[in-house]
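If you're matching them up, the sequences are chains A and B in order. For the first sequence, the residue numbers in my numbering are 2 to 145. For the second sequence, the residue numbers in my numbering are 2 to 145. The beta carbon of each residue, even a glycine, is placed where N, CA and C say it ideally should be. Below is one structure; the comments refer to it alone.
2 protein chains.
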Amino acid sequence: MSISSRFSVGIHILSLLEINKDGVNTSEFIAGSVNTNPVVIRKIMGMLKNAGLVKVRPGVAGAELGKDISEITMLDVYKAVNVVQEKELFGVHANPNPSCPVGKNIQETISPIFSAAQLSMEKALDNVTIMDVVKEIIEKGQGT
Amino acid sequence: MSISSRFSVGIHILSLLEINKDGVNTSEFIAGSVNTNPVVIRKIMGMLKNAGLVKVRPGVAGAELGKDISEITMLDVYKAVNVVQEKELFGVHANPNPSCPVGKNIQETISPIFSAAQLSMEKALDNVTIMDVVKEIIEKGQGT
DNA sequence: TTACATGTAACAATATAAGTTACAACTAAT
DNA sequence: ATTAGTTGTAACTTATATTGTTACATGTAA
């Protein structure tokens with residue numbers, strides 16, 4: 002199991018919008034960098050737009066960042082692209098037997114444990130911004 | 002997306018083995034508590050067995066715990082049932098365009114971020130034992 | 001009006017999860 | 001040694017999610 006790559010693609014898109022901010026970032030151009038279909042990009046862009054991370058308009062070519070990259074965290078992107086629902090990172094088996102003490106109480110017992118683990122992961126994502134990513138990409142690029 | 006319920010079922014099984022340690026815990030009995038098919042239980046039990054968390058033998062009815070429940074953490078179960086591979090909680094899009102500075106460096110840049118977030122989640126799982134779960138189940142049971 | 005972009009619906013291909021059937025291998029008890 | 005019952009697995013089905021793709025309506029600017 003892996004969390005959808007919409008997340009990594011979302012990060013890729015936002016980083017590209019910053020690094021190529023003087024160019025015209027059409028879905029086709031971005032798709033060329035990500036190496037996928039433009040429609041995939043447009044779908045993800047739609048989610049980023051709903052979250053206010055990106056500005057796009059029907060008919061007009063190119064997308065722009067909706068916020069300063071220092072104010073967009075990995076968690077913002079993660080939530081925008083809807084890869085994991087709240088408290089649902091861990092699947093829990095449905096309908097355990099209520100006439101068994103374990104079956105009756107297992108769900109309520111483990112769900113706070115799972116929620117805490119999920120929150121801990123999300124908190125880590127909140128500590129990194131697109132700016133951090135962009136800086137790192139540029140640094141690695143220098144090395145060439 | 003959710004992490005496979007094999008994990009929650011694994012926790013259920015181990016808790017049941019403790020709480021019903023004086024009974025004979027066949028796959029059919031456990032399946033009755035989890036409310037699934039006995040074969041599903043046997044598959045998961047096989048994984049728990051490989052990890053040394055459970056003792057089962059072909060032909061002989063009933064499973065037993067392989068370790069003291071205070072020494073089995075959620076992380077042990079999580080790893081045993083193989084729901085998430087190391088460094089693969091987050092999927093990353095393959096083959097980004099190497100002739101674009103972003104495409105060239107995005108994978109190397111985000112993978113440590115993703116690994117850190119995954120580790121943070123796993124660390125949280127390592128703080129809770131089956132004993133904690135069992136105690137909680139018993140407490141909730143008292144309230145009845 | 002035209003050229004070109006975005007926004008979406010609809011569909012295909014693939015992968016995984018979860019359940020199910022069937023049966024071989026094994027053990028303990030008679 | 002035979003039998004009854006259990007575990008261990010392979011094979012298959014069903015359901016769901018992801019990713020990619022085609023097609024086209026909608027919108028904008030020149």
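A:L66 lies in the beta strand (DSSP E); which residues open and close that run?
Its beta strand (DSSP E) spans residues 61-66.
Closer than 7 Å, Cβ to any Cβ of chain B: which residues of the region 68-96 of chain A, in chain order?
Close to chain B, meaning a Cβ-Cβ distance shorter than 7 Å, are the following residues of the region 68-96 of chain A: M75, V84, V85, E89, L90, F91, G92, V93, H94, N96.
Through-space distance from A:I111 to B:V146, alpha-carbon basis:
Past the boundaries of the shown model lies residue 146 of chain B; chain B is included only from 2 to 145, so the question cannot be answered.
Leaving aside the five residues before and after A:I4 along the sequence, list all residues of the same chain whose C-beta is less than 7 Å from its C-beta, in chain order.
Correct list, in chain order: V84, V85.
Assign B:N38 to one of two classes, buried (16 or more other C-beta atoms within 10 Å of its C-beta) or exposed (fewer than that).
Exposed, because fewer than 16 other Cβ atoms sit within 10 Å of the Cβ of B:N38.
Considering only their Cβ atoms, is the gap separating A:M48 from A:V57 smaller than 9 Å?
No, Cβ-Cβ distance for A:V57 and A:M48 is not below 9 Å.
Measure the CB-CB distance between B:M2 and A:M122 and report whether it falls below 9 Å.
Not a contact, by the Cβ cut-off of 9 Å.
Can you list the alpha helix (DSSP H) stretches of 4 or more residues lying completely in the region 29-103 of chain B, in chain order?
Here the runs fully enclosed are 39-51, 75-81.
Rounded to the nearest angstrom, what separates B:E109 and A:F30 at their Cα positions?
Approximately 22 Å between the Cα atoms of the pair.
Could you tell me whether the region 126-140 of chain A touches the region 63-76 of chain B, using the rule of 3 or more Cβ pairs below 8 Å?
Segment contact: the region 126-140 of chain A against the region 63-76 of chain B, fewer than three CB-CB distances shorter than 8 Å; contact not assigned.
Please confirm if B:A125 has its CB atom under 9 Å from at least one CB of chain A.
Answer yes: the Cβ-Cβ gap between B:A125 and chain A drops below 9 Å somewhere.
Pick helix, strand or coil for B:T110, following the three-state DSSP scheme.
When DSSP states are grouped into helix, strand and coil, B:T110 belongs to the helix group.
Taking the alpha helix (DSSP H) that A:S3 falls in, what are its first and last residues?
Unbroken run through A:S3: none, as it is neither H nor E.
Hey, is B:A117's beta-carbon within less than 9 Å of any beta-carbon in chain A?
Yes, because at least one Cβ of chain A sits closer than 9 Å to the Cβ of B:A117.
Quick check: is the beta carbon of B:E137 nearer than 9 Å to any beta carbon in chain A?
So, interface residue.
Limits of the unbroken alpha helix (DSSP H) element including A:V134
Per DSSP, A:V134 belongs to the alpha helix (DSSP H) from 131-143.
So A:I138 and B:N106 are in contact, right, with Cβ under 8 Å, and what is the actual spacing, rounded?
Rounded to the nearest angstrom, the Cβ distance from A:I138 to B:N106 is 5 Å, consistent with a contact under 8 Å.
How would you list, in chain order, the residues of chain A whose beta-carbon sits under 9 Å from the beta-carbon of B:K141?
For B:K141, the chain A residues whose Cβ falls inside 9 Å of its Cβ are P102, K105, N106, E109, T110, in order along the chain.
Give the straight-line distance between the Cα atoms of B:N98 and A:E65, rounded to the nearest whole angstrom.
Cα to Cα, the separation comes out at about 21 Å.
Between the alpha carbons of A:G104 and B:D77, how many angstroms are there, rounded?
Per the coordinates, the alpha-carbon of A:G104 lies some 21 Å from the alpha-carbon of B:D77.
Who are the near neighbours of A:A52 in its chain, counting only those whose CB is closer than 6 Å to its CB and skipping five residues on each side?
These residues qualify, in order along the chain: A81.
Do you know offhand how far B:C101's Cα is from A:S34's?
Rounded to the nearest angstrom, the gap between the Cα atoms of B:C101 and A:S34 is 6 Å.
Residues that B:G33 contacts on chain A, provided the C-beta gap is smaller than 7 Å:
Those within 7 Å of B:G33 in chain A are N98.
Applying a beta-carbon distance threshold of less than 8 Å, which residues of chain A neighbour B:I20?
Those are P102, V103, listed as they occur along chain A.
Would you mind working out which of B:D23, B:N21, B:T74 sits nearest B:F8, comparing C-alpha positions?
Distances from the alpha-carbon of B:F8 to those of B:D23, B:N21, B:T74 put B:T74 closest.
C-alpha distance - B:L90 paired with B:G11, whole-angstrom precision:
About 19 Å.
Indicate the three-state DSSP secondary structure (helix, strand or coil) for B:D127 in the structure shown.
B:D127: helix per DSSP, three-state reduction.
Quick one: does the C-beta of B:G33 sit closer than 8 Å to a heavy atom of the ligand SAM?
As presented, the structure is devoid of all ligands, the ligand SAM included, so that no description of it is given.
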